[in-house]
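Q: All residue numbers in the sequence shown are consecutive under our numbering, ending with 436. Take this structure first; my questions come after.
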Amino acid sequence: MKLGLCFDDVLLEPKYSDIKSRKEINIGNSLSDSLHLDCPIISAPMDTVTEGDMSVAIRKAGGLGIVHRYNTIEEQCKIIRDVSVVYNHEVGAAIGTQGDYLERAKELVHHGAKVICLDVAHGHHALVENALLNLRQQLPSSVHIMAGNVATEKAFYDLSDWGADSIRVGIGGGSICSTRIQTGHGVPTLQSVIDCVRAAKDMNVKLIADGGIKNSGDMVKALAAGADFVMAGSLLAGTAESPGDVINTPQGRYKAYRGMASKEAQRAWKGKVSSREGISTHIPYKGSVKDILGDLSVGIRSGFSYSGARNLKELHQVSTMIQQTGAGSKESATHILSRN
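Shown next, in the form of structure tokens:
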């Protein structure tokens, strides 16, 4: 059987570096000819992560927000219009593969969406093929189409053929995702990135690592493995800019965070539960997302520096990964509080 590596299974070997200041490092990348991100972080299209406030904040930090699709066309278009017109920031929007998806996509583009994200749990599917072909035919060629999620090289090749400009890679790795438990299917996100890199290069399609990313170190590992961008959900949830109210309890302040396949999200979105591949929970309130994005960017720059890489292309070229044991993984963490 094939070995599937997780983020905690590997480390990047430090390399010789002549970088004197992290200001020399450029962690950005272009999603398309007209859309450059100074920070390679994209916020997930979840109803407890990305609406208007998050989209504005992450764009100011150099990343990109993808507004979730679990609302009416009018509600989603208003968010897009506010971000793109009132605040003059680029923004993306998610759609599904059935029902009003074509009408929704056209309206979102009309109201200013620069990226349309075909957002489904299992992207290597006939419905995704049909939707991508239709979108490619009916949307302006200037619209960037993101699709996913996929876990294999074959799936990446197919979505590229069907018309995707960028593809989200990772199935079942999210912190509130229970797909692997419920269905027995999935591939560790880092392994999926490693497997899909050749297809991304062959097809000239951007690869977005999505799922299981816990910190800036995981982001650096994903980028070093060949990803062009990383998508974040739980890292950005619970902030002032994420949707939802702050809940005050005797134990502290909290905000809701839930998977879009959780029963709570499905009931709120479509009034019924058809599957249970996610959970709903509350996480401590984190304050402004600006500080979190700033810390993540600093960590990514430091990671580039340890490899002696001034940009993503150099990181791809020089990085070397090693597999570590379980004891090595424990040693890699801050472990003074766990000593006997």
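Quick reminder that beta carbons are idealized off the backbone N, C-alpha and C, glycines included. As the structure is a computational prediction, the values presented were derived from the model and not from experiment.
Measuring straight from C-alpha to C-alpha, what distance separates Gly313 and Ala429?
A: Within the sequence shown, the letter at position 217 stands for residue 313. Within the sequence shown, the letter at position 333 stands for residue 429. The alpha-carbon atoms of Gly313 and Ala429 are separated by roughly 11 Å.
Q: With DSSP collapsed to three states, give me the class of Met315.
A: Translated into the one-based positions of the sequence shown, residue 315 becomes position 219. Met315: helix per DSSP, three-state reduction.
Q: Three-state secondary structure (DSSP) at Tyr166?
A: Walking along the sequence shown from the start, residue 166 turns up at place 70. Tyr166 falls in the coil class under three-state DSSP.
Q: Would you kindly check if the distance between the Cβ of Gly188 and the Cβ of Ile169 is under 8 Å?
A: The residue you call residue 169 lines up with position 73 of the sequence shown. The residue you call residue 188 lines up with position 92 of the sequence shown. Their beta carbons are not under 8 Å apart, which means Ile169 does not touch Gly188 by this criterion.
Q: Would a C-beta distance cut-off of 8 Å place Ser401 and Met150 closer than the cut-off?
A: For the purposes of this step, residue 401 is identified with residue 305 of the sequence shown, where counting begins at 1. For the purposes of this step, residue 150 is identified with residue 54 of the sequence shown, where counting begins at 1. The answer is no: Cβ separation not under 8 Å.
Q: If Met315 sits next to Leu108, beta carbons under 8 Å apart, how far is it from one beta carbon to the other, in whole angstroms?
A: Locating residue 315 in the sequence shown gives position 219, where the first residue counts as 1. Locating residue 108 in the sequence shown gives position 12, where the first residue counts as 1. So it is not a contact: roughly 12 Å between Cβ atoms.
Q: Based on DSSP bridge pairs, tell me the residues matched to Tyr183.
A: Taking the first residue of the sequence shown as 1, we reach residue 183 at position 87. For Tyr183, which the question treats as bridged, DSSP gives no partner whatsoever.
Q: Please classify Glu427 as buried or exposed, where buried requires at least 16 neighbouring CB atoms within 10 angstroms.
A: For the purposes of this step, residue 427 is taken as the residue at position 331 of the sequence shown. By the neighbour-count rule (16 or more Cβ atoms within 10 Å), Glu427 is not buried but exposed.
Q: Say whether the region 209-227 touches the region 240-250, bearing in mind that this needs 3 or more beta-carbon pairs closer than 8 Å, one atom from each stretch.
A: In this structure the region 209-227 lies against the region 240-250, because at least three pairs of beta carbons, one per stretch, are closer than 8 Å.
Q: Grouping DSSP H, G and I as helix and E and B as strand, with all else coil, what is Val342?
A: Counted from its first residue, the sequence shown places residue 342 at position 246. It is coil, neither helix nor strand.
Q: DSSP three-state label for Ser434, please.
A: Sequence index remark: in the sequence shown, residue 434 carries index 338 (1-based). It is helical.
Q: Is DSSP giving Met97 helix, strand or coil here?
A: The residue given as residue 97 occupies position 1 in the sequence shown. The answer is coil: DSSP assigns Met97 none of H, G, I, E or B.
Q: Quickly, what does DSSP pair Lys302 with across the bridge? List them, please.
A: Locating residue 302 in the sequence shown gives position 206, where the first residue counts as 1. BP columns for Lys302 point to Ser262.
Q: Using only alpha-carbon positions, find the residue among Ile290, Gly269 and Leu204 that is nearest to Ser330.
A: The residue given as residue 330 occupies position 234 in the sequence shown. Checking every option, the nearest Cα to that of Ser330 belongs to Gly269.
Q: Following the continuous alpha helix (DSSP H) through Asp149, name the residue where it begins and the one where it ends.
A: If you number the sequence shown from 1, residue 149 lands on position 53. Its alpha helix (DSSP H) spans residues Gly148 to Lys156.
Q: Phe400 lies in the alpha helix (DSSP H); which residues open and close that run?
A: As a position in the sequence shown, residue 400 is number 304, starting the count at 1. Segment Val385 to Tyr402, the alpha helix (DSSP H) holding Phe400.
Q: Go through its chain and collect everything with a Cβ distance to Ile154's Cβ below 6 Å, but skip five positions before and after it.
A: As a first step, residue 154 must be located in the sequence shown, where it is residue number 58. Excluding sequence neighbours, Ile154 sits near Ser139 and Gly161.
Q: One question on the structure: do Lys310 and Ala157 come within less than 8 Å of each other, judged by their Cβ atoms?
A: Looking up residue 310 in the sequence shown gives position 214. Looking up residue 157 in the sequence shown gives position 61. Not a contact, by the Cβ cut-off of 8 Å.
Q: Going by DSSP, which residues form a beta bridge with Pro380?
A: To locate residue 380, count along the sequence shown from 1; it is residue 284. As computed with DSSP, Pro380 is found in a beta bridge with Tyr350.
Q: Give me the DSSP bridge partner(s) of Met142.
A: In the sequence shown, residue 142 corresponds to position 46, counting from 1. In DSSP, Met142 forms no bridge with anything.
Q: Could you work out which residue in Leu198, Ser425 and Ala296 is closest to Pro236 when comparing CA atoms only?
A: Numbered from its first residue, the sequence shown carries residue 236 at position 140. Out of Leu198, Ser425 and Ala296, Leu198 has the C-alpha closest to the C-alpha of Pro236.
Q: For Ala251, which of helix, strand or coil comes out of DSSP?
A: Along the sequence shown, one-based indexing puts residue 251 at 155. In this structure, Ala251 counts as helix in the three-state DSSP scheme.
Q: Is the beta carbon of Cys135 less than 8 Å from the beta carbon of Ile123?
A: The residue labelled residue 135 in the question sits at position 39 within the sequence shown. The residue labelled residue 123 in the question sits at position 27 within the sequence shown. In this structure, Ile123 lies closer than 8 Å to Cys135 by Cβ.
Q: Rounding to the nearest angstrom, what Cα-Cα distance links Lys98 and Pro284 in this structure?
A: Translated into the one-based positions of the sequence shown, residue 98 becomes position 2. Translated into the one-based positions of the sequence shown, residue 284 becomes position 188. Distance between the alpha carbons of Lys98 and Pro284: 12 Å.
Q: What span of residues does the beta strand (DSSP E) with Gln419 cover, start to end?
A: The count along the sequence shown starts at 1 and reaches residue 419 at position 323. Element bounds for Gln419: Met417 to Gln419.
Q: Under 8 Å Cβ to Cβ from Gly282, same chain only, skipping five residues before and after it: list those, please.
A: By 1-based counting over the sequence shown, the position of residue 282 is 186. Excluding positions up to five away in sequence, the list reads Ala247, Ile267, Gly268, Gly269, Thr275 and Arg276.
Q: Given a cut-off of 8 Å, decide if Ile272 and Thr146 are closer than it, judged by their beta-carbon atoms.
A: Taking the first residue of the sequence shown as position 1, residue 146 is located at position 50. Taking the first residue of the sequence shown as position 1, residue 272 is located at position 176. The answer is no: Cβ separation not under 8 Å.
Q: So, with DSSP's three-state summary, where would you put Asp104?
A: Here residue 104 corresponds to residue number 8 of the sequence shown, with the count starting at 1. Note: Asp104 maps to helix in three-state DSSP.
Q: Going by DSSP, what residue range makes up the alpha helix (DSSP H) through Ala201?
A: Position 105 of the sequence shown, counted from the start, is the residue given in the question as residue 201. Start and end: Tyr197 to His206.
Q: Got a sec? Which residues, its chain only, sit under 6 Å from Gly404 by beta carbon, not counting five neighbours each side?
A: Along the sequence shown, one-based indexing puts residue 404 at 308. Within the same chain, Gly404 has close Cβ partners Lys111, Tyr112 and Ser113.
Q: Can Ile241 and Asp261 be called in contact, C-beta distance under 8 Å?
A: One-based indexing of the sequence shown puts residue 241 at position 145. One-based indexing of the sequence shown puts residue 261 at position 165. Asp261 sits close to Ile241, with the two beta carbons spaced by under 8 Å.
Q: What is the residue span of the beta strand (DSSP E) that Val211 lies within?
A: Position 115 of the sequence shown, counting from 1, holds the residue named residue 211. Its beta strand (DSSP E) spans residues Val211 to Asp215.
Q: Here's the rule I'm using: 16 or more other beta-carbon atoms within 10 Å means buried, otherwise exposed. How should Tyr353 be labelled?
A: Mapped onto the sequence shown, residue 353 falls at position 257. Looking at its Cβ environment, which holds 16 or more other Cβ atoms inside 10 Å, Tyr353 is buried.
Q: Using the Cα positions of Ala295 and Leu133, report the straight-line distance between them to the nearest angstrom.
A: What you label residue 295 is simply residue 199 of the sequence shown in a count that begins at 1. What you label residue 133 is simply residue 37 of the sequence shown in a count that begins at 1. Roughly 22 Å between the two C-alpha positions.
Q: Let's test the definition: count the other Cβ atoms within 10 Å of the Cβ of Asp105 and tell me whether it reaches 16, buried, or not, exposed.
A: For this step, residue 105 is matched to residue 9 along the sequence shown. Buried: at least 16 other Cβ atoms inside 10 Å.
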